[in-house]
Every structure is written in C-alpha cells, then in structure tokens.
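Read through the structure below, which is laid out as structure tokens, and then see the notes.
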C-alpha cells in the first residue's frame, strides 16, 4: 500500500513523515511517496528521503495514494472514494471537514482524537509531543523578548535578580514550560484548575498557585473541564495577582473542542508591570489573553503580547520528527499482512469499550468517518453535525 505525503498548506512548516520513519514503514509493507520539497521547511531534503527508501514524486502523484498522511487537514484536496486520510483534523471546531469526507466516501483518521489515557496510545499521542515542544518554545520566546536577564547574576557591577515567570496551566505544555523556565534560572510559579497538578508542578521546579475552593476539574478524557464563570473569575483574579509583578507570563489553558478560555482580561494586563511579556499559547483558537492578536505580536499597556498560532511549527525539525514517530507507531499498530486494518474492536480507532475505566460517553477514537458515514461511537460529533 502506498502512503502519500504532501507539502502542507501555507503557514505550516512541519512535514508529516520524516526520513527516519521511512525504513520502519517500508518494513511494515508500505511504500512512501513524498511530494518534491515537502520536507524543505523542516530541513529534510528530497535526497534524505530517497536515501531512506521513499520515492519523490510531484503533488498530483502523491495525492493518488490510497493512504494520505498529513499534519493539518489538507484543504482544497479532492479525495476519492476509499482514500484514507490521517491528520490533525480538529473535527469539533471544523465539522465541515467531516461532511466533505463523507461526501467523497473517504475515511478520516483524526490524530488529535486519540484516547490519550490508554497506555498503548502514549507513543502515538501527537497532542502531547507537539504541546511539549510548544511549551518549551513559548518560554524561549518570552525570555528573548523580556528586557532583562533570566537567571540570577552576581557581578562586580551588582546583582541581577532572577526573573519571575508565571505559567498559567500545567498540562503537557505547561509542565515543559515550567521545566524550561527553571532551567533558564527563573523563579517559576504555576497554576492549574486540577488540584492534582500541584505535585507535578513542584516536581519540575515550580511553585503551585492554589485557589481557594479548587477541586480536581478534570474530565474522563484527561482534559480540563469547562468551569463556572464565577470560578473562572476567581482563578483569574488569584493568578493574575501573582503575575502582576512577573517578567514573563505563559498561558496554556485549552479546552478540548472549544474556544480558549480568557484567563488574562484587559484589566489584568493594565496592572502588569511595564516591559513584561505574555506568550499566549492558544492564539490559534482565540487566545487566553483578551488582548491577544492571533498571528501577531502587539504591545498593549506597556506589555508585549505574543500571539504566534503554531509554536511547534517554529521548531519544525524536532516537531516533524516527533509527529512522524507518533504516526508511524500508529500506522504500524493498525497494519497487518494485507496492509491497513480498520478493526472495529481497536480502542485506538473506535474508543475504549463501555466496561473500560477510560470509556467516555459519546467519544470514539481517531476513526471519525468512513464510507460516507460518521462512526457510530462519535455521538458528540454527531450532535454538532
């Protein structure tokens, strides 16, 4: 079976398959056809792919492949009946993509829908691998733009006090951001709506910001639950007070399938010290800061607000390699002697069964639709459609 890999749409510097994955896929029985220049922005040349055993073709030829692997959903591509597309489709925010695949009777595998709590899914979890890199880069961006040094420096000319960094949220991205800021020498404070996160925060060098009345606001999928407006206000007030004298603030709050919650209102930005930097990691879904301008860096009330939409994409070599490893592990796990096997009992594809501790009502796995129909386990998506 041939796997096709194409150049991603404008604004996406990653590539879905790195040369290091070609031999594994070949051993599993796949031929990889990669579009000319698809890896250029990730610093992988056509020669790198050829040397690894892939065939380099034009875009039209790559799109003829029965199995298409991408990073983003390939907008503007006319799928054919029976074609399988694996990518980060973000189906809750883009249900029209499901409708399009159904109209073409194509199969859509959305890698951001992987049941991340399953131990078997860890090596396939693209959300974690990309968020980890994004958290790292967010801190580096903040550190590069703040007008002071990050670590304590004792010199003959005087002592530079360490920078104060506040990380809002401590999922995968937040924990990496805490660890990165700590390694740079900052004093790091971090918050989360999950009280259970305190131990994790402290384990990587952060100081937990506790909010009175906090509980473990986590759903069955491992994502943060939507909170009441009253509690959101309480969290915002507490954390923004701690951040008022911070040098760098990184926001990471993301709710699966929903717009990003506002964690830094304009009133808080007014109280932040001049020259501080906010790195909003969720600019692509609206932003956590009320003043974020998606895709831009702006200065408001003396505070610099960074709204880069694709932080993982700013370090494309590493991001592509990790994404490629994730998806290669996934492809091999659902392959047999006859190629791709879409097993209706595979919990990665269709979600954990009802008797599993990880079952989530209305949520399936990465298999979104096939043969013109939404998978029966995706009832939450069905409600949106």
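Numbering (this note's numbering), first residue to last: 5 to 389.
Even glycine gets a Cβ: it sits at the ideal position worked out from N, Cα and C.
What are the start and end residues of each continuous alpha helix (DSSP H) run of 4 or more residues lying completely inside the region 108–175, in chain order?
130–149
Residue nearest to residue 79 in terms of C-alpha spacing, selected from 100, 87, 245 and 61
On the chain shown, residue 79 is found 75 positions in, with the first residue counted as 1. When only C-alpha atoms are compared, the closest one is 100.
Suppose the cutoff is 6 Å on Cβ atoms and the five residues either side in sequence are ignored; what does the same chain contact list for residue 117 look like?
Position 113 of the chain shown, counted from the start, is the residue given in the question as residue 117. Hits under 6 Å: 370.
Out of 336, 96, 262 and 86, point me to the one whose CA is closest to residue 387's CA.
Locating residue 387 in the chain shown gives position 383, where the first residue counts as 1. Closest by alpha carbon: 96.
Would you grab the beta carbon distance between residue 112 and residue 352 for me? Rounded to a whole angstrom, and I think it's under 8 Å.
Counting from one through the chain shown, the residue named residue 112 turns up at place 108. Counting from one through the chain shown, the residue named residue 352 turns up at place 348. Residue 112 to residue 352, Cβ: 15 Å. No contact.
In chain order, what residues of the same chain have a beta carbon less than 7 Å from the beta carbon of residue 265, not counting five sequence neighbours either side?
Counting from 1 along the chain shown, the entry for residue 265 is found at position 261. Excluding residues within five positions, the ones whose Cβ falls inside 7 Å are 236, 257, 259 and 292.
Using beta-carbon positions only, say whether residue 368 and residue 106 come within less than 8 Å of one another.
Looking up residue 368 in the chain shown gives position 364. Looking up residue 106 in the chain shown gives position 102. No, the pair does not count as a contact, with Cβ atoms beyond the cut-off.
If we ignore side chains and look at the alpha-carbon of each, how far apart do residue 30 and residue 331 end up?
Here the question's residue 30 lines up with position 26 in the chain shown. Here the question's residue 331 lines up with position 327 in the chain shown. Going from the Cα of residue 30 to the Cα of residue 331 covers about 14 Å.
Any chance the region 318–326 sits against the region 5–15, with 3 or more Cβ pairs inside 8 Å?
no
Is DSSP giving residue 395 helix, strand or coil here?
One cannot answer for residue 395 here, as it falls past the ends of the chain, which runs 5 to 389.
What is the rounded straight-line gap between the Cα of residue 163 and the Cα of residue 157?
Counted from its first residue, the chain shown places residue 163 at position 159. Counted from its first residue, the chain shown places residue 157 at position 153. Taking the straight line joining both Cα atoms gives about 6 Å.
Whose C-beta lies closer than 7 Å to the C-beta of residue 81 among residues of the same chain, with five residues either side of it excluded?
Translated into positions along the chain shown, residue 81 becomes position 77. Correct list, in chain order: 67.
Residue 27 lies in the alpha helix (DSSP H); which residues open and close that run?
Residue mapping note: residue 27 aligns to position 23 of the chain shown, counting from 1. Counting along the chain, the alpha helix (DSSP H) containing residue 27 begins and ends at 26–31.
For residue 126, count neighbouring C-beta atoms within 10 Å of its own C-beta (all shown protein chains included) and say buried if the count is 16 or more, exposed if not.
Against the chain shown, residue 126 aligns to sequence position 122. When all chains shown are included, residue 126 counts as exposed.
Going by DSSP in three states, residue 34 sits in which element: helix, strand or coil?
Mapped onto the chain shown, residue 34 falls at position 30. Correct three-state label for residue 34: coil.
Please specify which runs of the beta strand (DSSP E), each continuous and at least 3 residues long, are wholly inside the region 50–76, giving them in chain order.
59–61 and 71–76
Beta-carbon contacts of residue 306 that lie in its chain and below 6 Å, excluding the five residues immediately before and after
Sequence index remark: in the chain shown, residue 306 carries index 302 (1-based). Here the set comprises 278.
For residue 194, name the three-state secondary structure that DSSP assigns.
Looking up residue 194 in the chain shown gives position 190. Three-state DSSP puts residue 194 in a strand.
As assigned by DSSP and simplified to three states, the class of residue 323
For the purposes of this step, residue 323 is identified with residue 319 of the chain shown, where counting begins at 1. Helix, per DSSP.
Beta strand (DSSP E) containing residue 268: first to last residue?
Along the chain shown, one-based indexing puts residue 268 at 264. Neither: residue 268 is in no beta strand (DSSP E) and is coded neither H nor E.
Taking the CB atoms as reference points, tell me whether residue 76 and residue 39 lie closer together than 8 Å.
Locating residue 76 in the chain shown gives position 72, counting from the first residue. Locating residue 39 in the chain shown gives position 35, counting from the first residue. No, the pair does not count as a contact, with Cβ atoms beyond the cut-off.
Nearest-angstrom Cα separation, counted from residue 289 out to residue 141
For this step, residue 141 is matched to residue 137 along the chain shown. For this step, residue 289 is matched to residue 285 along the chain shown. If you take the alpha carbons of residue 141 and residue 289, they lie about 18 Å apart.
Who are residue 14's beta bridge partners in DSSP?
Your numbering for residue 14 matches position 10 in the chain shown. For residue 14, which the question treats as bridged, DSSP gives no partner whatsoever.
Kindly indicate which three-state DSSP category residue 364 falls into: helix, strand or coil?
Locating residue 364 in the chain shown gives position 360, counting from the first residue. Coil.
Compare the beta carbon distance of residue 284 and residue 167 with 8 Å and say whether it is the shorter of the two.
Position 280 of the chain shown, counting from 1, holds the residue named residue 284. Position 163 of the chain shown, counting from 1, holds the residue named residue 167. No, the Cβ-Cβ distance between residue 284 and residue 167 is not below 8 Å.
Could you tell me the boundaries of the beta strand (DSSP E) in which residue 91 lies?
Stepping through the chain shown from its first residue, residue 91 is reached at position 87. Taken as a continuous stretch (DSSP letters only), the beta strand (DSSP E) holding residue 91 covers 88–92.
Enclosing alpha helix (DSSP H) for residue 384 [first to last residue]
Looking up residue 384 in the chain shown gives position 380. It spans 383–388 - the alpha helix (DSSP H) in which residue 384 sits, taken as one unbroken run.
Backbone secondary structure at residue 318 - three-state DSSP
Translated into the one-based positions of the chain shown, residue 318 becomes position 314. Of the three classes helix, strand and coil, the one that applies to residue 318 here is helix, per DSSP.
Those residues which DSSP pairs with residue 211 across a bridge:
Stepping through the chain shown from its first residue, residue 211 is reached at position 207. In the DSSP output, where bridge partners are listed per residue, residue 211 has 193.
Which word fits residue 131, buried or exposed, when buried means at least 16 other C-beta atoms lie within 10 angstroms of its C-beta?
As a working mapping, residue 131 is identified with position 127 in the chain shown. Buried.
Does DSSP classify residue 289 as helix, strand or coil?
As a first step, residue 289 is located in the chain shown; it is residue number 285 there, counting from the start. Three-state result, residue 289: helix.
Going by alpha carbons, who is nearest to residue 249 out of 179, 192, 209 and 202?
Sequence index remark: in the chain shown, residue 249 carries index 245 (1-based). Ranking 179, 192, 209 and 202 by Cα distance to residue 249 puts 192 first.
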